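Chemist:
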Amino acid sequence: MKSGDAATVNEGNGNELMIEQIDYIPYIPGILWAVDKELRYLDIDGEKLKDWNLSKQDLIGKNVQEFHHEQANGMNTTHHRLAFEQGSINYRVEFGASCII
33 MKSGDAATVN EGNGNELMIE QIDYIPYIPG ILWAVDKELR YLDIDGEKLK
83 DWNLSKQDLI GKNVQEFHHE QANGMNTTHH RLAFEQGSIN YRVEFGASCI
133 I
């Protein structure tokens, strides 16, 4: 996709989510991601992907539980589910020498 292009994601319940590709996202000093209600990564980008030797293409389609190698009640999976239920949340994760909030 080129800057300004938009992709439509249909969640199967009549709701559609528009995701617009923006040129600066790969350069943010962290990562930015979007997941669907099944917690599968729809998109993920940012400088930390390179630092952690992660590939955007390897992550899209995987779910949070699979990526973090955790059980269904693991911290990351649980907090992503809470974000859908509550609208937003904050939590802290140590990932190597980095901190994700």
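In our numbering, the protein residues as written are 33 to 133. Every residue, glycine too, gets a C-beta built ideally from N, C-alpha and C. Owing to the predicted nature of the structure, the values given are computational and were not obtained by experimental measurement.
(1) Quick one, are the C-beta atoms of Asp-77 and Pro-61 less than 8 Å apart?
(2) Which residue's Cα is closest to the Cα of Tyr-56: Glu-70, Glu-79, Lys-69?
(3) Could you tell me the distance, in whole angstroms, from the CA atom of Ile-136 to the CA atom of Asn-108?
(4) Please report the distance separating the alpha-carbon of Ile-121 from that of Arg-113.
(5) Count the other CB atoms, across all protein chains shown, that sit within 10 Å of the CB of Phe-116; report buried if there are 16 or more and exposed otherwise.
Modeler: The relevant details are as follows:
(1) By one-based count along the sequence shown, residue 77 stands at place 45. By one-based count along the sequence shown, residue 61 stands at place 29. Contact: no.
(2) On the sequence shown, residue 56 is found 24 positions in, with the first residue counted as 1. Restricting attention to Glu-70, Glu-79, Lys-69, the CA atom closest to the CA of Tyr-56 is found in Glu-79.
(3) Since the first residue shown for the chain is 33 and the last is 133, residue 136 is missing from the structure and cannot be characterised.
(4) Numbered from 1 along the sequence shown, position 89 holds the residue referred to as residue 121. Numbered from 1 along the sequence shown, position 81 holds the residue referred to as residue 113. Roughly 10 Å separates the two Cα atoms.
(5) Along the sequence shown, read from residue 1 onward, the residue named residue 116 stands at position 84. Taking all protein chains shown into account, Phe-116 has fewer than 16 neighbouring C-beta atoms within 10 Å of its C-beta and is therefore exposed.
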